[in-house]
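Okay, structure first, notes after.
In our numbering, the protein residues as written are 3 to 98.
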């Protein structure tokens, strides 16, 4: 399996903790890297204490869900103004 032996990022070796088709989780002590695959992108986050791995994973999964499906009632595109129908955009909801 790819990355089974771990990865090195910025000179720090992280060991593979959990590898599945959607999520890659690497850890070194209480810090780690979580990568989540979504449509057209790979979201990558580094967590360090006091952030828990489980909190980071939940947050990253939710971001990937938003990237894949969009936010209900919000346009997936990010035009500078409102959407074509004047409704809110992803940018509008992020700036709230």
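Using N, Cα and C, we set each Cβ at its ideal position, and we do this for glycine too.
Nonlocal neighbours in the same chain, by C-beta distance under 7 Å from residue 14, ignoring five residues either side: 30
Using the beta-carbon count (16 or more within 10 Å), is residue 66 buried or exposed? buried
Rank 10, 36, 32 by C-alpha distance to the C-alpha of residue 61 and give the top, closest one. 36
Residues of its chain near residue 33, where Cβ-Cβ distance is below 6 Å and the 5 sequence neighbours each way are ignored: 50
Using the three-state DSSP reduction, which class does residue 47 fall into: helix, strand or coil? strand
Per DSSP, which residues does residue 34 bridge with? Please list them. 29, 49
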